[in-house]
Every structure is written in structure tokens, then in C-alpha cells.
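> In the working numbering, the protein residues as written are 209 to 343.
We put the CB at the ideal spot given by N, CA and C, even for glycine.
Pasting in a structure now, in C-alpha cells, and then I'll have a few things to ask.
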């Protein structure tokens, strides 16, 4: 496996996990409780951690591949490509959830999730490109 892809996947996965914990687990915890249907959520004590870790690594791999294929080379490329990737990814997922589930209590809650996910992807994309270093 190419070292850029390996570094981007591992570091990006770690950053994604930590950002998710900070943003959703701490900063937006009360917002999530009030605006997301909790009947679909597992209690923290019942989380399936291996699945969370694999999910974060796959997301980071997907973003790393998009960055590599786009020819991203600087932090601004990582930021812009990461943001576009995050926006398109979360649009597909959140609109699907909104159409078929009761996960979001309102369109506003879904829009907040879209903004947060887009910003997180922009940060992760920036970090991935920065850890690649120079060829």
C-alpha cells in the first residue's frame, strides 16, 4: 500500500474519531439529545467499538483516496477537497436518513449535522494532506 494512503488512513481515522468524540460527544451532546431520535442510539456502555474504529478508518481511507486522486498537495487543497467530500457524503447519508427514518427531529437538526460534518471533513482533509509531507 502506498505510504500516503496508509498515513492518511491511519492519521485521518484517528483525527475523525477524536473530532467526533469532541464535537458530538461533548460540544453537541445536549443538542443531539434534544434533536435526534434517541430510540435508535445505543447507550455508551453498549457501543460496539471495533465497528466504530473500522468505520472511522474506512471514512479516512475514502477521503484519502479522493485527496490523492484529486492531486491535493497543500493544506488548502485538503481543506477544500475535504469540505466538498464531507458535504456530498453527508448530504447523501443525512437525506437518506431523513427520508426513511425518524433519526432527525427536524430539518434544522439535519442541517446542523450537515454543517458540522462538512467542517469536520475539511479539518480531516487538511490534516491528511499535511501528514503526507513532501514526496
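Relative to the ligand SAM, is the shortest distance from any of its heavy atoms to the C-beta of residue 329 smaller than 8 Å?
The ligand SAM is absent from the structure shown, which contains no ligands of any kind.
> Please classify residue 429 as buried or exposed, where buried requires at least 16 neighbouring CB atoms within 10 angstroms.
As shown, the chain starts at 209 and ends at 343. That puts residue 429 outside it, with no answer to give.
> Quick check on the burial criterion: 16 or more other C-beta atoms within 10 angstroms. Buried or exposed for residue 264?
Under this definition residue 264 is a buried residue.
> Going by alpha carbons, who is nearest to residue 286 out of 240, 262, 232 and 327?
Ranking 240, 262, 232 and 327 by Cα distance to residue 286 puts 327 first.
> Following the continuous alpha helix (DSSP H) through residue 284, name the residue where it begins and the one where it ends.
Per DSSP, residue 284 belongs to the alpha helix (DSSP H) from 283-308.
> Answer yes if the region 255-273 comes into contact with the region 302-320, meaning at least three C-beta pairs across the two stretches below 8 Å, and no otherwise.
Counting Cβ pairs under 8 Å, fewer than three are found: no touch.
> Between residue 297 and residue 305, which are expected to be in contact by the criterion C-beta below 8 Å, what is the C-beta distance as a whole number of angstroms?
Not really, about 13 Å apart at Cβ, beyond 8 Å.
> Report the rounded CA-to-CA distance for residue 339 versus residue 242, giving the unit in angstroms.
C-alpha separation (whole angstroms): 37 Å.
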